[in-house]
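Here the sequence shown stands for residues 1 to 322, where the numbers follow the UniProt record's numbering.
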Amino acid sequence: MQPQAFYRAVADDFSAVDGIIKKQLTSRVPLVSKIGDYITSAGGKRLRPLLVLLCGKALGREGDDMRLLAATIEFLHTATLLHDDVVDMSGMRRGRSTANAMWGNAPSVLVGDFLYSRSFEMMVELGSMPVMKILSQATRIIAEGEVLQLSKVRDASTTEETYMEVIRGKTAMLFEASTHSAAALAGASAEQSEALRTFGDHLGVAFQLVDDLLDYKGDAETLGKNVGDDLAEGKPTLPLIYTMREGTPEQAALVRQAIQKGGIEDLESIRAAVEASGSLEYTANLARDYVARAIKCLDALPASEYRDALVELSEFAVARTH
């Protein structure tokens, strides 16, 4: 178990969620179980199911249904990871080979489909139409966010506004769905439900901002993925967008050309340019601003160790190095 207090606050529930995940991965087709187990045992942070458990307990609700919801959210997340790695042709995630690198694209996509399908079976088992509505809408918005991002690959004219739309869809939406569905399942008031929905959105935006910052600031061993992956794929993330907008003409031209051609031949020059332009500081400050706004949303919850844990988790989201 991770040492952070926000995990310890729901340690027993977290362990139970792991048990549900293992049980729900069972399939009559061995390769499905094998790939599913491989990716779910990769040692990720599991922040999204953690959010479900903490929000539920902060609202005074716990038990098997909240644990099942947490597992459902993790299945949705894992399905998106399998599909994303195929789309991005990624070879490394969480410090080891991706499923598509191990078994190929076709099995990875199909097991991702299996996990999506299983998650909807689990939603039916929950028997909550409000939860079903939140999560079904979320899966659509996530898919739209991924397609929007794909349409902007190697597009150096991408604006910060479009970038924010992308990350709200592809990343923040599942954070929002986690906190919002937990509120719905807990029978929260309209005010608390909206506060937790907004909390999840702001936290998810901050989380992705830091991810995009670390692509130019981190190292492969710490990140558990290849540094410069976004650049290699020609993704115009905020550090690059800001450098083109606010950097010197030379810095802007360098970044523009790198986005348009993809690849990491100029990675060190690009890292120097984004550092010198102030884009990393700009991105970090924006992430901190979103986290501060997220924490403010938690005022709608009664004081408890679980609300405190949500605050600590939020602060961790911007302080992390991987």
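Using N, Cα and C, we set each Cβ at its ideal position, and we do this for glycine too.
- Between V17 and P49, the gap from beta carbon to beta carbon is short of 8 Å.
- Rounded to the nearest angstrom, the gap between the Cα atoms of D266 and D230 is 13 Å.
- Between the region 164 to 183 and the region 193 to 204, the count of C-beta pairs closer than 8 Å reaches three or more; the two stretches touch.
- By a beta-carbon distance limit of 8 Å, A309 contacts A9. Their separation comes to about 4 Å.
- Excluding the 5 residues flanking it on each side, Y216 has same chain C-beta neighbours closer than 6 Å at P239, R271, V274, in chain order.
- Counting C-beta pairs with one atom in each stretch, the region 103 to 120 and the region 72 to 81 have three or more that are closer than 8 Å, which means they touch.
- Residue state for M92 is assigned as strand, using DSSP reduced to three classes.
- Note that the region 150 to 170 does not touch the region 119 to 131; fewer than 3 beta-carbon pairs, one per stretch, sit closer than 8 Å.
- The criterion of a C-beta distance shorter than 8 Å is satisfied by A183 and Q192.
- E312 sits away from F14, with the two beta carbons spaced by 8 Å or more.
- Counting only the Cα atoms, I264 lies some 12 Å from Q257.
- In this structure, V210 is the residue among V210, S108, A101 with its C-alpha nearest to the C-alpha of V291.
- Per DSSP, reduced to three states, the secondary structure at S304 is coil, with no helix or strand assignment.
- Taking C-beta atoms under 8 Å as the contact rule, L148 and E165 qualify, at a distance of about 7 Å.
- The alpha-carbon of W103 is positioned some 42 Å away from that of R293.
- DSSP, reduced to helix, strand and coil, places S27 outside both helices and strands of the structure shown, so it counts as coil.
- Secondary structure at S128: coil, using DSSP grouped into helix, strand and coil.
- When DSSP states are grouped into helix, strand and coil, S15 belongs to the helix group.
- The continuous stretches of alpha helix (DSSP H) do not include D266, and DSSP gives it neither H nor E.
- Residue A287 holds the alpha-carbon nearest to the alpha-carbon of A319 among A287, T40, G36, V29.
- The beta carbons of R61 and L185 sit closer together than 8 Å.
- L53 and M66 have their C-alpha atoms spaced approximately 7 Å apart.
- For the pair D212 and T283, the Cα-to-Cα distance works out to about 8 Å.
- The Cβ atoms of Y163 and I39 lie no closer than 8 Å to each other.
- Here DSSP, grouped into helix, strand and coil, assigns S189 to coil.
- For S157, the three-state secondary structure derived from DSSP is coil.
- Taking a 10 Å sphere around the C-beta of S90, we find 16 or more other C-beta atoms and assign the residue as buried.
- Apart from sequence neighbours up to five positions away, the residues of its chain that approach I259 with a beta-carbon distance below 7 Å are R154, A156, G234, P236, L240, ordered along the chain.
- In the same chain as T98, and ignoring 5 residues on each side of it, the C-beta atoms closer than 7 Å to its own belong to D85, S90, G91, M92, in chain order.
- Contact between P107 and L31 holds, since their C-beta atoms are separated by about 6 Å, short of 8 Å.
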